[in-house]
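Heads up: the protein sequence lines correspond to chains A and B, in order. Its first residue numbered 1, the first sequence is counted upward by one per residue in UniProt numbering. Its first residue numbered 1, the second sequence is counted upward by one per residue in UniProt numbering. Think of the CB as a built atom: it goes at the ideal place given N, C-alpha and C, for glycine as much as any other residue. Everything on this sheet refers to the single structure shown next.
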Amino acid sequence: MEEKTWVRMVTAQTPTNIAVIKYWGKRDETLILPVNDSISVTLDPAHLCTTTTVAVSPSFDQDRMWLNGKEFSLSGGRYQNCLREIRARACDVQDEEKGIKIAKKDWEKLNVHVASYNNFPTAAGLASSAAGFACLVFALAKLMNAKEDNSELSAIARQGSGSACRSLFGGFVKWNMGKAEDGSDSLAVQLVDEKHWDELVIIIAVVSSRQKETSSTTGMRDSVETSLLLEHRAKEVVPKRTKQMEEAIKNRDFGSFAQLACADSNQFHAVCLDTCPPIFYMNDTSHRIISCVEKWNRSEESPQVAYTFDAGPNAVLIARNRKAATQLLQKLLFCFPPNSDADLNSYVIGDKSILKDAGIEDMKDVEALSPPPEIKNAERSKGEVSYFICTKPGRGPVLLSDESQALLHPETGLPK
Amino acid sequence: MAEKTWVRMVTAQTPTNIAVIKYWGKRDETLILPVNDSISITLDPAHLCTITTVAVSPSFDQDRMWLNGKEISLSGGRYQNCLREIRARACEVEDKEKGIKIAKNDWEKLHVHVASYNNFPTAAGLASSAAGFACLVFALAKLMKAREDNSELSAIARQGSGSACRSLFGGFVKWIMGKAEDGSDSLAVQLVDEKHWDELVIIIAVVSSRQKETSSTTGMRDSVETSLLLQHRAKEVVPKRIKQMEEAIKNRDFGSFAQLTCADSNQFHAVCLDTCPPIFYMNDTSHRIISCVEKWNCSEGTPQVAYTFDAGPNAVLIAHNRKAATQLLQKLLFCFPPSSDADLNSYVIGDKSILKDAGIEDIKDVEALPPPPEIKGAQRCKGDVSYFICTKPGRGPDLLFDESLALLHPETGLPK
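The structure is reproduced here in structure tokens:
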């Protein structure tokens, strides 16, 4: 008589994050150790997140993974690192209800199935590896009953993708670069939680792009090897900025926050330009967005919006408060209206209630918007932005106990 | 009976120049003293130049200037500096044929008329102040019989516009930053003349631009005040690059020349991006041109073309030799064909013989060009480039003796 097999499964949801003091450049490629500290804001997983189900069963004959429904290989070094590190920390698991008993030493003989899903288009150039690896590590840790706290888990997620370590917490997070050769002290800590500065509103402009971008991994390696400005940035500029940014966040000093975030985004892109061959992540639309924001900020007594760009043309705009965000959205919709055939409902997504605050119910209201007074001869550049996402700072990883949200079938352990 | 009055007139022609190691940032705004050395290549005045006629007469009751036919004010500090410095060096002039005798101390009581003309569209963002001030100073020096050599004159032209000092020589020129407080040692010297490396062919892509650019004067001041990377560039990077560039030019080492030129152009633009507010001189078309060149250079193993961009989106492409230039033009015309209604004769100007080498006689030949094999999925971006200018390294300033070339009437001293 065949022994009844079992499947143990856990589903987790992880947010993504955007760096406001940027990580660009490794001092160790294998362990993914950076040349400077970085600081990020975690985005609300209600709008942007990765959901990952991990399952273990004696019936699985190999480790397998599915990403957005498509099977992927787990043989790459980064996945192997994460799996190995978590397995080394696995502990006894006992689920009397299901009759599952796994001893610590059993784990190395068991295989896992992983299914992961992003709730936003992958081609958007947002939050790919970060949320993904953080979720994988967090979910596996729960599955295997590892005892490590989120900072210790972040050191493992880091080995999957550097910026993933910062997705192990909500609010504002710092990735300490660390000093140890083995990277054991290169991990993320939470600076403040998501309630500390919950006035902030974040609008992401997903910018249409013809170019295929240079991968971050290749790009930052080229920068380390060829940019004569990178080391100066890492040794002289970032340490000071990191301290100032921590102060600004602690004190909710938006003026300083904005100045630092914009300056660091620009300097990161400056280092990309100083690379051989040069890397251009921002395009003309990105520049126009920056120009809009700079002009508005200067016309007001103090900055209303901070901007930051990662390794792509998308703009992450952080507004001081709801009122500023509403005005920002009006200015952005004037400057970057949708194509004539677009549907407003899919042009502004995430927290759509901001449209109501802005007095915008349909396309007619977008067409009727007035030009921002601080921009002389403001032009309307249709179709340059694919869509906008409205969100805010958010919480860290959580387990989802609702079985309907699991991505694997509870009996087969295969994708639903 | 009215005394017969006289007009003494001189016409000069000056080339423009493009920096290959960039000047960006002043240590003294009034004297226009830079924070680092710079090196430039002088372009052939047959294709790009300023012609200036200067005249002096007791019948002139004030200093007046006409630029491209339009009267402009000479009251600005930069013009006043140049006029004052040359007047201080004026000497006796005797022209027996015309019955003109000017004593040294007469000059301060005499007024001048200046008419200047650029042989290329001003809106092109090329060679504006540099050629203009160099020509003004050179012509006035000849008019007033100043004894200074071209290096000493360059120190005066420098006070009109920094990069103007480099237009006092042909070939490759270095502007030595100098150490003296009064700027007396901040001047240009010729590294090699225009025959030294006459294989080089230069193609300028005049890029269509919607933006009004930040002026160099404002831009570099903002950079000095706000870029945390500029000092490092000026103190650590440029001094080494200057030495390496001088060697490369001396030895006609195109590989090194290209690597340094491209790197320095990119670093200049990186510093602009690192400025507050950030300055974007290059646009998507500029980036596409760089991408074309980088891909070709990489596929050949040794660079064929160097690129450099000033404070605007125009690309200055320096090809190794005629053959490389011809291939480059074919690739550029594939990637950046003219608008359908354009005339080939005005799309490629300057030395048009290169079209023949490229086998291109009319628009049909442009349409038939094959895609560059090194660019996957090469696109044709119609209308992104306004036109191309083909030129080469050229000589320094010269007097023009042909009276028909003078811009002022020999008897009235007014524009023709």
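A check of alpha carbon separations from residue 135 of chain A across A/114, A/146 and A/126 identifies A/114 as the nearest.
Separation of the CB atoms of residue 321 of chain B and residue 199 of chain B is rounded to 4 Å, and the pair is thereby assigned contact status at 8 Å.
Here residue 284 of chain A is not near residue 17 of chain B, since their CB atoms are 8 Å or more apart.
For residue 13 of chain A, there is no enclosing alpha helix (DSSP H); the residue is part of the beta strand (DSSP E) that begins and ends at 8-15. Put simply, the CB of residue 280 of chain B is near chain A, with a gap under 8 Å to one of its CB atoms. Listed along chain A, no residue sits closer than 8 Å to residue 260 of chain B by beta-carbon distance, the nearest being about 11 Å off. Contact annotation, residue 242 of chain B with residue 32 of chain B: C-beta distance approximately 19 Å; criterion of less than 8 Å not satisfied. Within chain A, no residue has its beta carbon less than 7 Å from that of residue 166 of chain B; the closest one is some 24 Å off. Residue-level contact check: residue 310 of chain B does not touch chain A, since none of the beta carbons of chain A fall below 8 Å from its beta carbon. When rounded, the separation of the alpha-carbon atoms in residue 162 of chain A and residue 193 of chain A is 21 Å.
The beta-carbon distance between residue 53 of chain B and residue 115 of chain B, rounded to whole angstroms, is 5 Å. This is short enough to meet the 8 Å contact definition.
Taking residue 26 of chain A as the centre and dropping the five residues before and after it, the same chain places the C-beta of 32, 33, 34, 35, 162, 220, 221 and 224 closer than 8 Å to its C-beta, in chain order. Straight through space, the alpha carbons of residue 314 of chain B and residue 118 of chain A are spaced by roughly 41 Å. At a Cβ-Cβ threshold of 8 Å, residue 138 of chain B and residue 12 of chain B count as neighbours.
Taking 8 Å as the CB threshold, residue 304 of chain A stays off the interface with chain B. Counting along the chain, residue 183 of chain A sits inside no alpha helix (DSSP H), nor does DSSP assign it H or E at all. Pairing residue 258 of chain A with residue 306 of chain A gives a Cβ-Cβ distance under 8 Å. Residue-level contact check: residue 17 of chain B does not touch chain A, since none of the beta carbons of chain A fall below 8 Å from its beta carbon. Residue 197 of chain B: not part of any alpha helix (DSSP H); DSSP gives it neither H nor E. Listed along chain B are 287, each with a C-beta nearer than 7 Å to that of residue 280 of chain A. Bounds of the alpha helix (DSSP H) holding residue 245 of chain B are 238-250.
Residues of chain A with a Cβ closer than 7 Å to the Cβ of residue 373 of chain B do not exist, since the nearest Cβ in that chain sits about 18 Å away. Contacts with chain B (Cβ-Cβ distance below 7 Å) from the region 236-265 of chain A involve 237 and 263, listed in chain order.
Taking a beta-carbon distance threshold of 8 Å, residue 225 of chain A does not count as an interface residue toward chain B. Inclusion of residue 177 of chain B and residue 81 of chain B in the CB contact set at 8 Å is not warranted, their separation being larger than that value.
Straight-line measurement puts the Cα of residue 11 of chain A at about 9 Å from the Cα of residue 142 of chain A. Within its own chain, the residues whose Cβ lies closer than 7 Å to the Cβ of residue 233 of chain B, once the five positions on either side in sequence are excluded, are 267 and 271, listed in chain order. What residue 36 of chain A touches in chain B, judged by beta-carbon distance under 9 Å, is nothing: the nearest beta carbon there is about 13 Å away.
Put simply, of A/48, A/30, A/21 and A/29 the residue whose alpha carbon is nearest the alpha carbon of residue 395 of chain A is A/48. Closer than 7 Å at the C-beta level to chain B, one finds these residues of the region 289-301 of chain A: 290 and 294. Distance from the Cα of residue 188 of chain A is smallest, within the candidate group A/290, A/387 and A/171, for A/171.
For residue 271 of chain A, the residues of chain B that pass the 8 Å Cβ criterion are 270, in the order they occur in the chain. In the DSSP annotation of this structure, residue 144 of chain A is not part of any beta strand (DSSP E), being labelled neither H nor E. Looking at B/400, B/410, B/411 and B/416, the one whose alpha-carbon comes closest to that of residue 135 of chain B is B/400. Separation of residue 268 of chain A and residue 24 of chain A (C-alpha to C-alpha, rounded to the nearest whole angstrom) is 7 Å.
Less than 8 Å separates the beta-carbon of residue 332 of chain A from that of residue 388 of chain A.
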